[in-house]
Amino acid sequence: RGLAPELAARYVIGPGAIADVVVEAARYAAAAGTPVDASALEASIGRRLSLRLGTFGTVVHRKARFAEMVLPDDVVDTLHDLIAMVRERSQILERWGYQRHLGISRGVSGLFSGEPGTGKTMAASVVASELGLELVRIDLSAVVSKFVGETEKNLGKIFDEAQDAHAMLLFDEADSLFGKRTELKTAQDRFANLEVNYILQRMETFDGVSVLTTNAESSIDPALQRRLNFRIRFLEPELDEREQLWRRLLPPSTGLHDGFDFHALAERFQMTGGYIKNAVVRAAVIAARAGRAMVAEDLWAGAHHEYVEMGKVMPQLPRGTL
Ligand SMILES: Nc1ncnc2c1ncn2[C@@H]1O[C@H](COP(=O)(O)OP(=O)(O)OP(=O)(O)O)[C@@H](O)[C@H]1O
Ligand SMILES: [Mg+2]
């Protein structure tokens, strides 16, 4: 009914595929005793997409929202620009004539760079959820083949499938493929070069959003970086951001939020959100092993363990915290 036009606009799939999706959604809904509604159909399209992607990619189901993220204002602002470029694409490119005048293509692309655990992958999922797009995370190690021409074929298939399903593409940890294009040493490098050019070309013509993430921005050729629409640096969180991360990542059900000195923890341990998340999980493990609810000391201990595993020098803990 009201749903059909919206689904038709979002997914470019043929009658055969539509029939498959509807039948499959109905089967799932019947088994679960739920109605065949928009979310049931979306889930079915997601399952079909992940089947067709095979080992090359996975559909990311758990997407974050802006409210869950702790980021500096300028990063949030640039993410909103990226989202706006997708939403206002028709206006900018067609009505305002940018496509004709500057030869800008429809693809919207981004490069998210920064230290491990700064939220690059999470931010990509926020963009997908804001835009209501399926998010496909590509495993580049599965895609890159040592056989000449094979990688392009694999990549071509991915872009085609993503286009059909209106999915956003995430080339996570893309460094492996995007070494400096100028440093050609072996035949392997030359193939990688062809592949990089191929990806860029497809990102530009891809009628959708694609994001690359990397820990090593400097390993990516500046000429290549320029060809991407948005380049966002994810810096390590400052003290007050770390405090917010601790507050946000610790589940409210622990009952520790009132009265706990998150500031002291943030001050003592310089770590990114990814490590803070690990520390919070570690604290839960410690509490569970001890067969009791989590206490403040568990958080300190979790942070301590995580810090040591990061290879950082152990900071002096306040007396009595461990
Ligand atoms: N800026 C942030 N705001 C809120 N949570 C964060 C942030 N950064 C990291 N986290 C938490 O840490 C987890 C891991 O972050 P994420 O995987 O996005 O990091 P990453 O930058 O992609 O790291 P890597 O380079 O290792 O892939 C997130 O799922 C989230 O729970
Ligand atoms: Mg990541």
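The sequence shown lines up with residues 1 to 322 when you count with the working numbering.
Don't be surprised by glycine CBs; every beta carbon is placed ideally from N, CA and C.
Per-residue burial, residue i [other beta carbons within 10 Å of its own, 16 or more giving buried]
{"i": "Leu299", "result": "buried"}
{"i": "Val148", "result": "exposed"}
{"i": "Asp172", "result": "buried"}
{"i": "Gly132", "result": "exposed"}
{"i": "His304", "result": "buried"}
{"i": "Val136", "result": "buried"}
{"i": "Val126", "result": "buried"}
{"i": "Ser39", "result": "exposed"}
{"i": "Thr182", "result": "The predicted position of Thr182 is uncertain, since its pLDDT is 46 and thus under 50; a value taken from the coordinates is nonetheless stated next. The residue is exposed, with fewer than 16 neighbouring Cβ atoms inside 10 Å."}
{"i": "Pro237", "result": "buried"}
{"i": "Ala4", "result": "exposed"}
{"i": "Gly274", "result": "buried"}
{"i": "Val23", "result": "exposed"}
{"i": "Thr121", "result": "buried"}
{"i": "Arg242", "result": "buried"}
{"i": "His166", "result": "buried"}
Residues sharing a beta bridge with residue i, DSSP
{"i": "Ser113", "result": "Thr214, Arg233"}
{"i": "Ile138", "result": "Gly57, Phe171"}
{"i": "Val108", "result": "Val209"}
Spatial distance of residue i from residue j (CA atoms)
{"i": "Phe112", "j": "Asp77", "result": "14 Å"}
{"i": "Ala43", "j": "Asp73", "result": "33 Å"}
{"i": "Tyr307", "j": "Ala284", "result": "16 Å"}
{"i": "Gln99", "j": "Met168", "result": "21 Å"}
{"i": "Val144", "j": "Leu155", "result": "9 Å"}
{"i": "Ala290", "j": "Ile232", "result": "43 Å"}
{"i": "Ala174", "j": "Asp164", "result": "23 Å"}
{"i": "Phe159", "j": "Pro35", "result": "32 Å"}
{"i": "Asn278", "j": "Gly302", "result": "8 Å"}
{"i": "Leu228", "j": "Val211", "result": "9 Å"}
{"i": "Asp207", "j": "Ser105", "result": "8 Å"}
{"i": "Glu161", "j": "Arg52", "result": "7 Å"}
{"i": "Gly110", "j": "Arg65", "result": "18 Å"}
{"i": "Leu93", "j": "Thr205", "result": "13 Å"}
{"i": "Thr118", "j": "Phe234", "result": "6 Å"}
{"i": "Leu356", "j": "Arg248", "result": "The requested residue 356 does not occur in the structure, where the chain is confined to residues 1 to 322."}
Span of the alpha helix (DSSP H) around residue i
{"i": "Ser125", "result": "120-131"}
{"i": "His166", "result": "No alpha helix (DSSP H) contains His166, which DSSP labels as neither H nor E."}
{"i": "Gly330", "result": "Given a span of 1 to 322 for the chain in the structure shown, any question on residue 330 remains unanswerable."}
{"i": "Ile286", "result": "273-289"}
{"i": "Arg226", "result": "222-226"}
{"i": "Leu249", "result": "239-249"}
{"i": "Asp207", "result": "Looking at the DSSP string, Asp207 is not in any alpha helix (DSSP H), and its letter there is neither H nor E."}
{"i": "Ala301", "result": "296-309"}
Q) Which parts of the segment 23-103 are runs of the beta strand (DSSP E), unbroken and 3 residues or longer, counting only runs that do not cross its ends? A) 57-60
Q.
Just to be sure I understand the criterion: a residue counts if its Cβ is closer than 6 Å to at least one heavy atom of ligand 3. Which residues meet that?
A. Among the ligands in the structure shown, ligand 3 does not appear; only ligand 1 and ligand 2 can be found there.
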